[in-house]
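Take a look at the structure below.
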Amino acid sequence: MTDILNRDTITTTNILDLNIITPMYIPWDTPKLPKYKEAKVGKWAISRTPSKKWTCGYFLVKEYQPKGYVIKYDNQNVWMSLTAMEIESHMPHLDAAHGNVVVMGLGMGFALYNIISKPTVTKVTVVEQNPDIVSILEKSANFKTWPGYHKVNLVIGDALKYTPEPNEEVDFLFADIWPHMGDDNALSDTQQMQTNIKAKKVGYWTQEWDYVEYCRKDKFSFSKSNDIETYREFAKINNLPLIEQDNPCYPDLCFAAITLQLAGGEKDPIKKHMLMDRYARFQQSALVKACQSFG
Ligand SMILES: C[S@@+](CC[C@H](N)C(=O)[O-])C[C@H]1O[C@@H](n2cnc3c(N)ncnc32)[C@H](O)[C@@H]1O
Numbered sequence: 005m006t007d008i009l010n011r012d013t014i015t016t017t018n019i020l021d022l023n024i025i026t027p028m029y030i031p032w033d034t035p036k037l038p039k040y041k042e043a044k045v046g047k048w049a050i051s052r053t054p055s056k057k058w059t060c061g062y063f064l065v066k067e068y069q070p071k072g073y074v075i076k077y078d079n080q081n082v083w084m085s086l087t088a089m090e091i092e093s094h095m096p097h098l099d100a101a102h103g104n105v106v107v108m109g110l111g112m113g114f115a116l117y118n119i120i121s122k123p124t125v126t127k128v129t130v131v132e133q134n135p136d137i138v139s140i141l142e143k144s145a146n147f148k149t150w151p152g153y154h155k156v157n158l159v160i161g162d163a164l165k166y167t168p169e170p171n172e173e174v175d176f177l178f179a180d181i182w183p184h185m186g187d188d189n190a191l192s193d194t195q196q197m198q199t200n201i202k203a204k205k206v207g208y209w210t211q212e213w214d215y216v217e218y219c220r221k222d223k224f225s226f227s228k229s230n231d232i233e234t235y236r237e238f239a240k241i242n243n244l245p246l247i248e249q250d251n252p253c254y255p256d257l258c259f260a261a262i263t264l265q266l267a268g269g270e271k272d273p274i275k276k277h278m279l280m281d282r283y284a285r286f287q288q289s290a291l292v293k294a295c296q297s298f299g
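Following my numbering from start to finish, the sequence shown increments by one per residue and tops out at 299.
Listed below in structure tokens is the structure:
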């Protein structure tokens, strides 16, 4: 318990000045950020984003978000940006990576940077369909010089068709090929990838949306109790050996994340307040379960 309470990922905040004071908890290590510089390749550009005060991360409310970087196509379509939301939403997957890993989607290489630096990771196959993404990342971040890059097998191809070498055992598959969180195709695309790869563990970006949807009965109510058994059932029913099945606080953190995203987009102050109040309850429940599981 002392260990959990000492983590720098627990903070207490008066959320967005709404007079809701809650501890905020996540059990994963804070990732490292690669260094980028502004660059252009064809219609792709990596450019700076401004700093922000009081913003929604994915699991946490952030008092301050420093300047970051974004990758855009044709100066408008954002493919990826290193905001608090993006960084936190990768955390469970970075934590789960070990052994022989397949990463679907290079993007800004943020996941790759963190995964290859882990001593427990032996090989990383990264599948990216767009050669311009590889070129711009080389120009902006010189990614082939990153610590641990000797473990990388870079494949230019379609994530939905990639198959490993015959007899190659993949320990972990991380899929992130979608521009927006909660993409309708994310679950079925991941199932398609897993049919080809047969990884021992699987995680896909913002999978928390699909778990929450699984628990939902209609717009206003839930037909399933939100606990680790339900999350395991969600994984089983979808034929995916999903990450976090032994983490009793993960289901609450899924609900906290999605409630926080909804609150962040809510304009009506009363509805926003209600959503933030629910977010605080999920966060508190996650922390209680984490404390209980550590005795
Ligand atoms: C959101 S970005 C990935 C961000 C990445 N997780 C990171 O840490 O920076 C999605 C990437 O997936 C790639 N992509 C999209 N569809 C793909 C597909 N079918 N096969 C392979 N790569 C794909 C895009 O070109 C883009 O580079």
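Ideal placement from N, C-alpha and C gives every residue a C-beta, glycine not left out.
Review point. Considering Ser85, what are the terminal residues of the alpha helix (DSSP H) in which it resides?
Key: The residue given as residue 85 occupies position 81 in the sequence shown. From DSSP, Ser85 is part of no alpha helix (DSSP H) but of the beta strand (DSSP E) over 81-85.
Exercise for review: Can you check DSSP and say which residues form a bridge with Arg220?
Suggested key: Translated into positions along the sequence shown, residue 220 becomes position 216. DSSP output for Arg220 lists Phe226 as bridge partner(s).
Practice item. Please check the pair Leu110 and Glu132, which I expect to be a contact at CB under 8 Å, by giving their CB distance rounded to whole angstroms. Key: Numbered from its first residue, the sequence shown carries residue 110 at position 106. Numbered from its first residue, the sequence shown carries residue 132 at position 128. Separation of the CB atoms of Leu110 and Glu132 is rounded to 4 Å, and the pair is thereby assigned contact status at 8 Å.
Exercise for review: Evaluate Ile75 with the Cβ neighbour count: other Cβ atoms within 10 Å of its Cβ, from every protein chain shown; 16 or more gives buried, anything less gives exposed.
Suggested key: The residue labelled residue 75 in the question sits at position 71 within the sequence shown. Buried, by the Cβ-count rule.
Review point. So which of Asn200, Pro135, Leu257 has the shortest CA-CA distance to Ser289?
Key: Here residue 289 refers to the residue found at position 285 when the sequence shown is read from its first residue. The shortest C-alpha separation from Ser289 is found at Leu257.
Exercise for review: Give a yes or no on contact between the segment 77-89 and the segment 24-31, applying the rule of three or more CB pairs nearer than 8 Å.
Suggested key: no
Point to revise | Reduced DSSP secondary structure (H/G/I, E/B, other) of Met28 | key: Numbered from its first residue, the sequence shown carries residue 28 at position 24. Correct three-state label for Met28: strand.
Review point. Applying the criterion that 16 or more other CB atoms from any shown protein chain within 10 Å of the CB defines a buried residue, is Phe63 buried or exposed?
Key: As a position in the sequence shown, residue 63 is number 59, starting the count at 1. It is buried - the Cβ of Phe63 has at least 16 other Cβ atoms within 10 Å.
Exercise for review: Pull up the distance between the alpha-carbon of Lys240 and that of Leu246, whole angstroms please.
Suggested key: Counting from one through the sequence shown, the residue named residue 240 turns up at place 236. Counting from one through the sequence shown, the residue named residue 246 turns up at place 242. Cα to Cα, the separation comes out at about 9 Å.
Exercise for review: Put Ala260 into one of helix, strand or coil per three-state DSSP.
Suggested key: For this step, residue 260 is matched to residue 256 along the sequence shown. If DSSP states are grouped into helix, strand and coil, Ala260 belongs with the helices.
Exercise for review: Could you tell me if the beta carbon of Phe114 falls within a distance shorter than 8 Å of some heavy atom in ligand 1?
Suggested key: Stepping through the sequence shown from its first residue, residue 114 is reached at position 110. Correct: Phe114 has its Cβ closer than 8 Å to ligand 1.
Exercise for review: Could you spell out the range, first to last residue, of the alpha helix (DSSP H) harbouring Thr234?
Suggested key: One-based indexing of the sequence shown puts residue 234 at position 230. 232-241 is the span of the alpha helix (DSSP H), which, as asked, contains Thr234.
**Study point:** Euclidean distance between Cα positions of Ala3 and His94
**Key:** Here the chain comprises residues numbered 5 to 299, so residue 3 is not present and cannot be evaluated.
Exercise for review: Mind checking who Glu132 pairs with in its DSSP beta bridge?
Suggested key: On the sequence shown, residue 132 is found 128 positions in, with the first residue counted as 1. According to DSSP, Glu132 bridges with Ile160.
Review point. Cβ of Asp162 versus every heavy atom of ligand 1: is any distance shorter than 8 Å?
Key: Here residue 162 refers to the residue found at position 158 of the sequence shown. Asp162: yes, Cβ under 8 Å from ligand 1.
Check your understanding: With which residues is Trp48 paired in a DSSP beta bridge?
Key -> Sequence index remark: in the sequence shown, residue 48 carries index 44 (1-based). Val45, Tyr77.
**Study point:** Any non-hydrogen atom of ligand 1 closer than 8 Å to Ile181 Cβ
**Key:** Within the sequence shown, residue 181 is the residue found at index 177, counting from 1. Yes - ligand 1 has a heavy atom lying nearer than 8 Å to the Cβ of Ile181.
Review point. Taking the continuous beta strand (DSSP E) assigned at Phe178, which residues delimit it?
Key: As a first step, residue 178 must be located in the sequence shown, where it is residue number 174. Where Phe178 is concerned, the enclosing beta strand (DSSP E) stretches over 176-179.
Practice item. Indicate the three-state DSSP secondary structure (helix, strand or coil) for Gly207 in the structure shown. Key: As a working mapping, residue 207 is identified with position 203 in the sequence shown. Strand at Gly207.
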